[in-house]
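For reference, the structure is listed below as structure tokens.
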């Protein structure tokens, strides 16, 4: 039986899917373009041909140092951190159905940052062990916030308020560590409080790449369950989603990638918070927000770092730029939530 | 259509230390419409949530075809047993067809592709709930009655043989309440879907139920046909309310008329009936 509605349903579903692919492709191209621009634009302009030759390992006088030693590690870190913050942040926001429930608002990024700062500044540790500290700190804070807010089952608003309180505590804890440290420098302070990719080295990108690949694959494998969770926990359970198990997997994966990135760049302000809502504006109802959010995150960090370095009167770390973008949006969300009287 | 049996045996359920249901037994008649009624906080919704795996029992079992639903993989269970919770959430901007297609979730896995069968199930669910014309509309723009039909369509797209609904008529005006209940009765008649729902309105419950279950204090007070359950005696026991029961001239089912302290023209009669 051929029903005209059936054709319409199939047509609109395919149209949505095609547009989703198109949006992702455009965002991907934009990330690549911005990445390439940050390699060739700096204090001086490097011709694209020279950039490619440096990337291929040739020694180009006047370009090898600027591109290979300064810009490439920086851009790699910025891109990977942005992807991780964007994807992990959006996963939290979708899972808890609230844009305020992003890891940088509810204290998880601060937990990772405090643990990393403690490991580096106080214990004088270096390398992968710092990432392990950061992941442990992020997980620990996630558990703490969850335990403090999950009385009687209901989370929601309380989770966010508890998280904001925990964030404030951790922020002052970081300031305390930094002030006690013998080798106190402004660079370090800025990294652990607002996030920065200054002094990036290519070797630092490897753990980020690994964490993003492993945890990203885990998160993306839960895409459909996350979509079901948007209908409410009860509806998702009725549709056959094991809600508790899915939630644990998503928390582990999102915290894992965000904490690993935070261990290197610090908690780059508001990237996790902003990427999902921006992606939602662009993608609309055409499909999953996960991959678009990751790409938006990469764009935010790459372009934020470029703006901070070259387009402002003095040089600022990337977190200052993204923080300036994020703060007004946070205020907007809180004002809107107050006005509508909804539970945020 | 094969007929599945859903039963609760010696079921005790609660939140934390508070026990809401106490050693409750219930056999849902297959292929019939079962309606659960009771006063606020008597455990109606808790029973529905426990019967659909949303709550784990402290003691006792919920059995689907003799097998504990808490031992059945969630996806497998969701192909036989559907639930429409009290307040599902429609993501911002989602279209009707997209929302209804979410009902196909338990029929898919990580690697299986969306097939024509899935599209047909969505089309079928839209047609059955008369929402085909709304397919491309955003759910946020619909009226309350339309939205409830769309949610029912989502549950239908799941193609389960048992469908549980938690107060499907809340927040609807009376014409939409009747529309939704007629729709569920149609589904029961045409597809043999076993329907179990919690309703607030006793008269609508009596009209639509093949099997009426009255709960009080976490136990089943009485169950059976509407005529046997909706009696003045039971209304007094379950709701603490004096009432008269008359026969509905259009459906023949019992109707409950509450007796209030005011506006009484037959005061004499009331005094005599009080103990």
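Protein chains in written order, with the numbering used here: chain E, 1 to 344; chain F, 345 to 619. Each residue gets a CB set at the ideal place from its N, CA and C atoms; glycine is no exception. Here the structure is a predicted model, which means the values were calculated and not measured.
DSSP puts residue i in a beta bridge; with which residues?
i	result
residue 602(F)	587(F)
residue 378(F)	540(F), 555(F)
residue 620(F)	Look at the range of chain F in this structure, 345 to 619, and you will see that residue 620(F) is not part of it.
residue 362(F)	359(F)
residue 407(F)	351(F), 412(F)
residue 568(F)	556(F)
Taking C-beta pairs closer than 7 Å, name the residues in chain E that residue i reaches, listed in chain order.
i	result
residue 438(F)	285
residue 419(F)	240
residue 415(F)	Per Cβ cutoff of 7 Å: no residues; residue 415(F) is ~13 Å from chain E at best.
Could you tell me the distance, in whole angstroms, from the CA atom of residue i to the CA atom of residue j?
i	j	result
residue 509(F)	residue 575(F)	25 Å
residue 341(E)	residue 335(E)	With a pLDDT of only 41 at residue 341(E), under the threshold of 50, the placement of this residue in the model should not be trusted; the figure read from the coordinates follows. Rounded to whole angstroms, residue 341(E) to residue 335(E) spans 10 Å at the Cα level.
residue 48(E)	residue 429(F)	58 Å
residue 234(E)	residue 92(E)	18 Å
residue 28(E)	residue 555(F)	58 Å
residue 9(E)	residue 464(F)	9 Å
residue 592(F)	residue 552(F)	12 Å
residue 109(E)	residue 321(E)	18 Å
residue 454(F)	residue 251(E)	19 Å
residue 361(F)	residue 402(F)	10 Å
residue 488(F)	residue 193(E)	47 Å
residue 212(E)	residue 530(F)	51 Å
residue 203(E)	residue 38(E)	19 Å
residue 142(E)	residue 111(E)	8 Å
residue 140(E)	residue 572(F)	57 Å
residue 247(E)	residue 254(E)	10 Å
residue 617(F)	residue 389(F)	In this predicted model, residue 617(F) has a pLDDT of only 49, less than 50, meaning its place in the structure is not dependable enough to derive any value.
residue 215(E)	residue 191(E)	24 Å
residue 358(F)	residue 562(F)	10 Å
residue 154(E)	residue 89(E)	Here the model assigns residue 154(E) a pLDDT of 49, short of 50, so the residue's position is not dependable and the matter cannot be decided.
residue 364(F)	residue 560(F)	11 Å
Could you check whether the Cβ of residue i sits closer than 8 Å to any Cβ belonging to chain F?
i	result
residue 358(E)	With chain E covering 1 to 344 only, the question about residue 358(E) has no answer from this structure.
residue 191(E)	no
residue 20(E)	no
residue 221(E)	yes
residue 228(E)	yes
residue 97(E)	yes
DSSP on residue i, reduced to helix/strand/coil?
i	result
residue 521(F)	helix
residue 346(E)	Given a span of 1 to 344 for chain E in the structure shown, any question on residue 346(E) remains unanswerable.
residue 402(F)	coil
residue 482(F)	strand
residue 354(F)	strand
residue 563(F)	strand
residue 439(F)	strand
residue 510(F)	strand
residue 425(F)	strand
residue 474(F)	coil
residue 251(E)	helix
residue 458(F)	coil
residue 547(F)	helix
residue 328(E)	helix
residue 532(F)	helix
Using a C-beta to C-beta distance shorter than 8 Å, which residues of chain F count as neighbours of residue i?
i	result
residue 89(E)	Result: empty, since nearest Cβ-Cβ is about 18 Å, beyond 8 Å.
residue 232(E)	429, 431, 432, 433
residue 224(E)	449, 452, 454
For residue i, go through chain E and note every residue whose CB falls closer than 9 Å to its CB, in chain order.
i	result
residue 422(F)	237, 238, 239, 240, 241
Which bits of chain E does residue i rub up against, with CB to CB less than 8 Å?
i	result
residue 464(F)	6
residue 476(F)	5
residue 588(F)	What residue 588(F) touches in chain E: nothing, since even the nearest Cβ is about 38 Å away.
Counting only beta-carbon separations shorter than 8 Å, does residue i have a partner in chain E?
i	result
residue 371(F)	no
residue 385(F)	no
residue 535(F)	no
residue 479(F)	yes
residue 489(F)	no
residue 426(F)	yes
residue 471(F)	yes
residue 396(F)	yes
residue 620(F)	Residue 620(F) falls outside the range modelled here, since chain F spans only 345 to 619, and no answer is possible.
residue 409(F)	no
residue 525(F)	no
residue 484(F)	no
residue 361(F)	no
residue 354(F)	no
residue 502(F)	yes
Taking C-beta pairs closer than 7 Å, name the residues in chain F that residue i reaches, listed in chain order.
i	result
residue 10(E)	463
residue 101(E)	By Cβ distance, chain F contributes nothing, its closest Cβ being about 14 Å from residue 101(E), past 7 Å.
Applying a beta-carbon distance threshold of less than 7 Å, which residues of chain B neighbour residue i?
i	result
residue 374(F)	Protein chains in the displayed structure are E and F, and chain B is not among them.
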